[in-house]
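Visitor:
In this note's numbering, the protein residues as written are 137 to 357.
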């Protein structure tokens, strides 16, 4: 009886083994593909979030600098070539799509008293600031060699955008000021729309746009 029992025992055939192995391989491959896709998606999501954060940081620097444009410790009520209330735009057409802005604000330390506003009321090369797009990066003018010259002024331009993305577009636009807004016929800029577009290392695109109020009302040159 025992011999007869074993005689009827049978295992998997070769074909069944091959089919089982193929099915298992397909299941493992599918699981691995899903896992790698999930990891890639998470990595891209994190990279996009980091790029968005860095781009917002760059925008904050740009808007903070522009808000200071035209500030003077001593109030300036008339347009003068050497005054602090001056702003230049370049690279665009008319009032739109400019890629550079140079302006001044009273940065030079004056009285150490905390009861007085900052600055010393006079225009110096350290008061000249600028923002421009150059070779895929945004740059900030931190040191100028002269107080005049607009966007053609020479000096030290330092990058404010990092290597996480390439700036593909930087546009500065402002409303067309009415002719003769002031008694002497000069025009002032009350606000600037800043638009920045960038492409990250993973190919993802980001863009931001903000309207900046220029409360010091710099004179347009």
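A virtual CB, placed ideally from N, CA and C, is assigned to each residue, including glycine.
#1: Taking residue 308 as part of the beta strand (DSSP E), name the residues at either end of that continuous run.
#2: Beta-carbon separation of residue 264 and residue 289 under 8 Å?
#3: Quick one: what does DSSP say residue 156 is sitting in, helix, strand or coil?
#4: On a Cα-Cα basis, can you pick out the residue from 259, 234, 228 that is closest to residue 243?
#5: Are there 16 or more other CB atoms within 10 angstroms of the CB of residue 154, so buried, or fewer, so exposed?
#6: Based on Cα-Cα distance, which residue from 357, 351, 165, 356 lies nearest to residue 204?
#7: Where does residue 151 sit, in a helix, a strand or coil, going by DSSP?
#8: Tell me whether residue 138 sits in a helix, a strand or coil according to DSSP, three-state version.
#9: Helix, strand or coil for residue 286? Go by DSSP, reduced to three states.
#10: According to DSSP, is residue 222 part of a helix, a strand, or is it coil?
#11: Please name the residue, chosen from 283, 323, 309, 279, that lies closest to residue 295 on a Cα-to-Cα basis.
#12: Of all the options 217, 306, 255, 283, which has the alpha carbon lying nearest to the alpha carbon of residue 271?
#13: Is DSSP giving residue 166 helix, strand or coil here?
#14: Grouping DSSP H, G and I as helix and E and B as strand, with all else coil, what is residue 349?
#15: If you draw a straight line from the C-alpha of residue 323 to the C-alpha of residue 223, how long is it?
#16: Out of curiosity, what's the CA-to-CA distance linking residue 298 and residue 273?
#17: Taking 7 Å as the limit between beta carbons, can you name the residues of its chain near residue 335, skipping five residues before and five after?
#18: Just reading off the beta strand (DSSP E) that residue 297 is part of, what are its end residues?
#19: Alpha carbon to alpha carbon, how far is residue 345 from residue 337?
#20: Kindly list the residues whose CB is nearer than 8 Å to the CB of residue 339, restricted to its own chain and excluding five residues on each side of it in sequence; keep chain order.
#21: Compute the beta-carbon to beta-carbon distance between residue 286 and residue 208, rounded to the nearest angstrom, for a pair I have assumed lies under 8 Å.
Guide: Judging by the given coordinates:
#1: 301 to 309
#2: yes
#3: helix
#4: 259
#5: Burial state of residue 154 is exposed, judged by a 10 Å Cβ sphere holding fewer than 16 other Cβ atoms.
#6: 351
#7: Taken through DSSP and simplified to helix, strand or coil, residue 151 comes out as helix.
#8: Reliability of the predicted coordinates at residue 138 is poor, the pLDDT of 49 falling under 50, and the value obtained from them is presented with this limitation in mind. Residue 138 falls in the helix class under three-state DSSP.
#9: Residue state, collapsed to three classes: helix.
#10: strand
#11: 279
#12: 306
#13: helix
#14: strand
#15: 11 Å
#16: 8 Å
#17: 301, 302, 304, 341
#18: No beta strand (DSSP E) contains residue 297, which DSSP labels as neither H nor E.
#19: Answer to the nearest angstrom: the Cα atoms are 21 Å apart.
#20: none
#21: Not confirmed; about 19 Å, so no contact.
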